[in-house]
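Residue numbering for the sequence shown follows the numbering used here, starting at 71 and increasing by one per position.
Ideal Cβ placement from N, Cα and C applies to all residues, glycine included.
Data block below; observations after.
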Amino acid sequence: MMHKTIDTLEKRHHNYGLVHDALTDAAWAIKELQKTYRLLQNLPSGSQLHVVEERLPFIDLPHFRHPNVSYVKGYSFCFAYLGVRIQWLRTLAILSTKGLLANVRIHTDILQELGEMAMLLPGALELSKHERPTSNHHGLMPEILEAAFIGTESKHVLQRLVARHPHWVPDVTTWIENMDTGFFTWSMGQDSPLSFRRAFQSFRDIGTTNGDIERLENALEMSRQRVSEIE
71 MMHKTIDTLE KRHHNYGLVH DALTDAAWAI KELQKTYRLL QNLPSGSQLH VVEERLPFID
131 LPHFRHPNVS YVKGYSFCFA YLGVRIQWLR TLAILSTKGL LANVRIHTDI LQELGEMAML
191 LPGALELSKH ERPTSNHHGL MPEILEAAFI GTESKHVLQR LVARHPHWVP DVTTWIENMD
251 TGFFTWSMGQ DSPLSFRRAF QSFRDIGTTN GDIERLENAL EMSRQRVSEI E
């Protein structure tokens, strides 16, 4: 019995250690991607990108396959994963917007991994109908909200998703109201990849009504109140 207990504790300690290291790596990755994004924002018009490789490298974003396991859920790791993913998408999107990916080949595997968000990249537009990215969504957040978090560069993707899902508002508000409050650990600051201020502005930019924006804001306020209740 004692050996079994010790073995369980050691495994649990190991698992928590893995999550802690992953969280540290995620925070570092977000910070570095933010620096890159700001640098790209300030590039003079007509700038060119010196490409070492002609193909965009595939990035396997770290995430756990079982998000409901206690040691993963306890640290809200899924939001760390989403933070890195969205900041990476924002960086790719601004590269694309500035024409800096024009001579870079994008592997089909990357486009398939990104699902609908692949439409941020020029390579996705050149695919035939049979090769278009299929829905490969992570399921951690509504796709419409993910596109909104990306910001200005994802406007065309967001418009496309909204047109396809006319009842998106109740789906998104329900998700916000019930999301894990650990989300707020990763959403602080206007430059945060999970900034609701940016997301709501994205919805305004595509013509979302004031009434729907108010519903979204009320849902966020309800979720924030749950933080006070927990404390």
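Between the CA atoms of residue j and residue i - distance to the nearest angstrom
i      : j      : result
Leu93  : Thr178 : 29 Å
Gln104 : Glu223 : 15 Å
Ile176 : Gln157 : 18 Å
Leu286 : Val239 : 8 Å
Met249 : Ser293 : 7 Å
Asn173 : Ala150 : 31 Å
Leu264 : Thr167 : 21 Å
Gly277 : Val154 : 28 Å
Gly116 : Glu284 : 40 Å
Glu124 : Val297 : 47 Å
Asp275 : Lys225 : 8 Å
Trp256 : Gly169 : 30 Å
Glu102 : Ile246 : 27 Å
Gly281 : Val242 : 14 Å
Phe254 : Arg267 : 13 Å
Asp261 : Arg234 : 29 Å
Trp98  : Asp91  : 11 Å
Gly221 : Thr251 : 22 Å
Gln182 : Ile100 : 23 Å
Thr161 : Cys148 : 20 Å
Thr106 : Leu165 : 10 Å
Local Cβ density within 10 Å of residue i, reported as buried at 16 or more and exposed below that
i      : result
Pro236 : exposed
His136 : Reliability of the predicted coordinates at His136 is poor, the pLDDT of 49 falling under 50, and the value obtained from them is presented with this limitation in mind. By the neighbour-count rule (16 or more Cβ atoms within 10 Å), His136 is not buried but exposed.
Met258 : exposed
Glu313 : Residue 313 lies beyond the residue range present for the chain, which begins at 71 and ends at 301; the question has no answer from this structure.
Leu159 : buried
Glu213 : buried
Thr244 : exposed
Ser205 : Residue placement at Ser205 cannot be trusted, given a pLDDT of 49 that sits under 50; what the coordinates show is reported in the next sentence. When all chains shown are included, Ser205 counts as exposed.
Thr279 : exposed
Gln295 : exposed
Ala96  : buried
Range covered by the alpha helix (DSSP H) that runs through residue i
i      : result
Ser224 : No alpha helix (DSSP H) holds Ser224; DSSP gives it neither H nor E.
Phe270 : Phe266 to Asp275
Asp241 : Trp238 to Asn248
Asp261 : No alpha helix (DSSP H) contains Asp261, which DSSP labels as neither H nor E.
Gln182 : Thr178 to Leu184
Cβ-Cβ distance between residue i and residue j below 9 Å
i      : j      : result
Leu119 : Leu171 : yes
Leu231 : Ser272 : no
Ala218 : Ala163 : no
Leu110 : Ile180 : no
Leu152 : Leu210 : yes
Chain B within 9 Å of residue i, Cβ atoms only
i      : result
Leu110 : Annotation note: the requested chain B is absent from the structure, which comprises a single protein chain.
*If you pair each beta-carbon of the region 287-296 with each one of the region 178-188, do three or more pairs fall below 8 Å?*
No: the two stretches stay apart, fewer than three of their Cβ pairs being nearer than 8 Å.
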